[in-house]
Amino acid sequence: MLRLTITALLAFTLTVSVQTAQAQVYTTAVGARLGSPISLSVKHFLNESNAVEAYVGTRGWATYRWFHVSGAYQIHKPIESVENLQYYFGGGASVFFWTYDFDFEPGQNFSSTSFGIQGYIGLDYTLEDSPVNFTLDWVPTIYLGDGFNTGFAGGFGALGIRYVLK
78 MLRLTITALL AFTLTVSVQT AQAQVYTTAV GARLGSPISL SVKHFLNESN
128 AVEAYVGTRG WATYRWFHVS GAYQIHKPIE SVENLQYYFG GGASVFFWTY
178 DFDFEPGQNF SSTSFGIQGY IGLDYTLEDS PVNFTLDWVP TIYLGDGFNT
228 GFAGGFGALG IRYVLK
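Numbers given in my numbering equal positions in the sequence shown, counted from 1, plus 77.
1) Quick one: what does DSSP say G112 is sitting in, helix, strand or coil?
2) Taking buried to mean at least 16 other C-beta atoms within 10 Å of its own C-beta, is T212 buried or exposed?
3) Would DSSP call Y177 helix, strand or coil?
4) Am I right that N226 and F173 are in contact with their C-beta atoms under 8 Å? What's the rounded C-beta distance?
5) With a CB to CB cut of under 6 Å and the five nearest residues on each side skipped, what residues in its chain are close to A149?
6) Enumerated in chain order, which unbroken segments of the beta strand (DSSP E) with a length of 3 residues or greater are wholly contained in the region 128–187?
7) Find out if the Cβ-Cβ distance for the pair A235, L117 is shorter than 8 Å.
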């Protein structure tokens, strides 16, 4: 997953660097984070460089599913050599609600809750002639939980696609 994220980040940077339009300033945008996990997102700028993002999402496989609520504070800085492109970094927190259903072991079904402390590093690009915003980020997470879901997880991140409201 990390290689895929790095490859996508480089491809996105190269694609955007070919374009030279001036950046569109936005205050609020809503949309989706397509990655791990898949989420609905709203991002709101508090001022020119500081933003908050809130998102909810889900992920699962055959034997388990989880739902999460996340919030982040992000600081944006322009990349001077490429118009319309900013990098951002920040931190946030999440709560994860897990459900496990081990069909092959009767009586092994249970639920759990974990909390996450998250870091953010990514790119933010807004189209000039269209109310569309793209982000690509990596979100390393430290789980704090009941012992089952604890420790570091480095496989989180997403391609965000949002509609600019204002």
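Positions of the beta carbon are idealized from the N, C-alpha and C atoms, including for glycine.
The structure says:
1) strand
2) With 16 or more Cβ atoms within 10 Å of its Cβ, T212 is classed as buried.
3) strand
4) 7 Å
5) Excluding positions up to five away in sequence, the list reads E130, G167, G169, Y197.
6) 141–155, 162–177
7) no
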